[in-house]
Amino acid sequence: MTVKIRFFARFRELLGTDILVEKKSGTMLATLVKDIALEKKEGYDAIFDANGNFREFVIVMRNGKRLEPAETATVMVADGDEIAVFPPVAGG
Amino acid sequence: MTVKIRFFARFRELLGTDILVEKKSGTMLATLVKDIALEKKEGYDAIFDANGNFREFVIVMRNGKRLEPAETATVMVADGDEIAVFPPVAGG
Amino acid sequence: MIAIQHEDVDIGRLIEEAKQPGTGAVVVFDGVVRDDDVREMELEAYEEVALRELEKIAEEAKKLHTLLHVDIVHRIGRLSVGENILIIVVSAGHRPQAYAGSRYIIEEIKKGVPIWKKELRKDGDRWVPGEHPHGSGKPRS
Amino acid sequence: MIAIQHEDVDIGRLIEEAKQPGTGAVVVFDGVVRDDDVREMELEAYEEVALRELEKIAEEAKKLHTLLHVDIVHRIGRLSVGENILIIVVSAGHRPQAYAGSRYIIEEIKKGVPIWKKELRKDGDRWVPGEHPHGSGKPRS
Numbered sequence: 004m005t006v007k008i009r010f011f012a013r014f015r016e017l018l019g020t021d022i023l024v025e026k027k028s029g030t031m032l033a034t035l036v037k038d039i040a041l042e043k044k045e046g047y048d049a050i051f052d053a054n055g056n057f058r059e060f061v062i063v064m065r066n067g068k069r070l071e072p073a074e075t076a077t078v079m080v081a082d083g084d085e086i087a088v089f090p091p092v093a094g095g
Numbered sequence: 004m005t006v007k008i009r010f011f012a013r014f015r016e017l018l019g020t021d022i023l024v025e026k027k028s029g030t031m032l033a034t035l036v037k038d039i040a041l042e043k044k045e046g047y048d049a050i051f052d053a054n055g056n057f058r059e060f061v062i063v064m065r066n067g068k069r070l071e072p073a074e075t076a077t078v079m080v081a082d083g084d085e086i087a088v089f090p091p092v093a094g095g
Numbered sequence: 011m012i013a014i015q016h017e018d019v020d021i022g023r024l025i026e027e028a029k030q031p032g033t034g035a036v037v038v039f040d041g042v043v044r045d046d047d048v049r050e051m052e053l054e055a056y057e058e059v060a061l062r063e064l065e066k067i068a069e070e071a072k073k074l075h076t077l078l079h080v081d082i083v084h085r086i087g088r089l090s091v092g093e094n095i096l097i098i099v100v101s102a103g104h105r106p107q108a109y110a111g112s113r114y115i116i117e118e119i120k121k122g123v124p125i126w127k128k129e130l131r132k133d134g135d136r137w138v139p140g141e142h143p144h145g146s147g148k149p150r151s
Numbered sequence: 011m012i013a014i015q016h017e018d019v020d021i022g023r024l025i026e027e028a029k030q031p032g033t034g035a036v037v038v039f040d041g042v043v044r045d046d047d048v049r050e051m052e053l054e055a056y057e058e059v060a061l062r063e064l065e066k067i068a069e070e071a072k073k074l075h076t077l078l079h080v081d082i083v084h085r086i087g088r089l090s091v092g093e094n095i096l097i098i099v100v101s102a103g104h105r106p107q108a109y110a111g112s113r114y115i116i117e118e119i120k121k122g123v124p125i126w127k128k129e130l131r132k133d134g135d136r137w138v139p140g141e142h143p144h145g146s147g148k149p150r151s
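Residue numbers (the working numbering), protein chains in the order written: chain B, 4 to 95; chain W, 4 to 95; chain P, 11 to 151; chain H, 11 to 151.
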């Protein structure tokens with residue numbers, strides 16, 4: 004199955020964006036993001052804490068809907084999902 | 004001496020405006036306005052109460068400075084004065 | 011610009027001119043002739059005094075709310091439904107000052123600037139009563 | 011119009027179009043690139059989600075503050091000092107609703123719309139931190 008990952012702002016600068024990932028079905032959302040982020044230590048450290056959990060300020064969306072941090076460890080991604088990971092917003 | 008009286012809004016419609024009055028010096032401001040207003044009963048009644056005092060909401064200015072109601076009875080007009088008499092403002 | 015005039019004004023241009031160095035927020039208030047059974051509005055001012063009061067209010071607003079620029083244009087004469095009556099443009103470093111300064115100016119104008127409005131209504135003409143209660147609605151001079 | 015776009019917009023035209031029947035007050039908020047040692051600003055949005063959030067905020071503001079019309083235009087891309095970042099135009103029957111509605115919209119945008127700003131500064135670039143404290147700054151979806 005194919006999942007798209009979109010990073011924004013600082014995370015985008017560190018890790019790129021619109022990344023298409025081929026994964027086995029059954030992959031947890033947090034695991035998927037972690038695998039991508041691991042490609043660059045600075046990117047990983049920006050998003051995950053020392054225990055490998057999303058940092059408290061990090062926002063994760065799946066298909067445009069925000070997930071609670073706890074959910075990210077238990078939600079499985081599905082074919083065609085769009086996962087967005089970004090820092091607190093600063094528009095306006 | 005010559006004094007100019009300016010009425011505004013409803014008072015202007017009733018009494019006209021930019022009225023030049025020739026008076027002896029020593030005339031009190033209230034007296035001057037009353038004399039002019041008496042020319043039309045509806046105008047007089049709009050500005051003065053049954054006791055001949057300025058109605059409480061009426062605003063009186065002399066040369067662009069507001070006078071307290073009590074002052075109007077004791078202030079003498081001087082040559083070249085501009086007296087303005089108007090209802091509460093409603094701009095904006 | 012602080013003005014009492016018959017002509018309308020180009021708000022877009024005022025906004026551009028309000029962008030003094032340090033500007034992060036511009037707030038515009040535009041008061042418009044509302045169609046409550048009104049065909050037209052006739053506005054009248056004690057012009058010299060009204061202009062002086064607007065200038066005072068602009069200076070006070072700048073000081074009280076750290077505004078960088080203030081425009082107040084109050085129109086007089088005959089205006090139709092939808093036309094601009096009063097345009098206030100303020101700029102500030104940040105939005106709280108810009109909103110508060112804009113609001114301060116309109117409230118002070120309603121309270122104390124000698125301008126009057128007459129509604130030319132389908133059911134007859136009517137002088138608009140001041141918004142402010144008995145004893146207010148008086149210029150502060 | 012509710013839009014996220016590179017292009018600037020003609021605020022004067024938006025004001026005229028905001029004058030729906032019943033309008034007595036139009037309030038415009040214009041957020042501008044401020045020259046705090048900034049040369050330019052680079053804005054980025056999660057466009058589909060940000061647009062949806064702006065549409066929601068506009069609908070909420072209309073209901074909560076009895077607004078007659080709402081425009082929100084948030085620009086993205088590279089903007090220079092003095093350029094418009096965010097334009098909010100609202101109309102209402104009376105000024106308290108127009109001011110409150112305008113303010114509601116900007117505060118909600120700051121809280122929860124996925125847009126980010128990077129300052130290109132004389133002393134290096136910097137992502138602007140969200141105004142909202144830890145735990146906020148999250149879209150409400």
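Built from N, CA and C at the ideal position, the CB exists for glycine as well.
Endpoints, the alpha helix (DSSP H) within which residue i is located
i      : result
L32(W) : 32-40
H75(H) : 57-75
D48(W) : 44-50
E74(W) : 72-75
Distance CB(residue i)-CB(residue j) smaller than 8 Å
i       : j       : result
P100(B) : F57(B)  : Since the first and last residues shown for chain B are 4 and 95, residue 100(B) lies out of range.
I119(H) : G29(B)  : no
E65(H)  : I125(H) : no
V19(P)  : I67(P)  : no
A71(H)  : V123(H) : no
G140(H) : A93(B)  : yes
I95(P)  : A55(P)  : no
F14(B)  : G55(B)  : no
E57(P)  : I14(P)  : yes
Continuous beta strand (DSSP E) stretch holding residue i: start and end
i       : result
A102(P) : 94-102
F10(B)  : 5-10
R26(B)  : It is Lys, not Arg, that sits at residue 26(B) in the sequence shown. No beta strand (DSSP E) holds K26(B); DSSP gives it neither H nor E.
A13(H)  : 12-15
A35(P)  : 35-42
E85(W)  : 85-89
R65(W)  : 62-65
R88(H)  : 87-90
Contact set for residue i: own chain, Cβ-Cβ below 6 Å, skip 5 residues either direction
i       : result
V48(H)  : E129, R131
K127(H) : M51, L53, V138
V100(P) : V37, L77, V80, A108, G111, S112
A33(B)  : T75, A76
G103(H) : G32, G34
S90(P)  : E50
E93(H)  : V43
R88(H)  : E50, E52
D45(H)  : V91
L41(W)  : Y47
P72(B)  : F57
T20(B)  : R9, F10
Three-state class that DSSP yields for residue i in the structure shown
i       : result
K156(H) : Because chain H here runs from 11 to 151, residue 156(H) falls outside it and cannot be looked at.
I21(H)  : helix
G145(P) : Because the pLDDT of G145(P) is 47, which lies under 50, any placement of that residue in the model is unreliable, and the question is left without a value.
Q107(P) : helix
F14(B)  : helix
R136(H) : strand
R113(P) : helix
E52(P)  : strand
K29(H)  : coil
Cut-off 7 Å between Cβ atoms - residues of its own chain near residue i, not counting five sequence neighbours on either side
i       : result
V6(B)   : V24, K26, L35, V80, D84, I86
D52(B)  : R58
Y114(P) : A71, L74, H75
Proximal residues to residue i (C-beta, below 8 Å), its chain only, five neighbours per side dropped
i       : result
I39(B)  : I8, L18, I22, V24
L70(B)  : L32, V63, M64, V78
R105(P) : G34, A35, V37
G145(P) : Its pLDDT being 47, under 50, G145(P) is placed unreliably by the model, and the measurement read from it follows with that caveat. Excluding positions up to five away in sequence, the list is empty.
D82(W)  : M4, T5, V6, S28
R136(P) : K128, E129
Checklist entry - Any contact of the segment 31-45 of chain P with the segment 18-33 of chain H, i.e. 3+ C-beta pairs under 8 Å? => result yes
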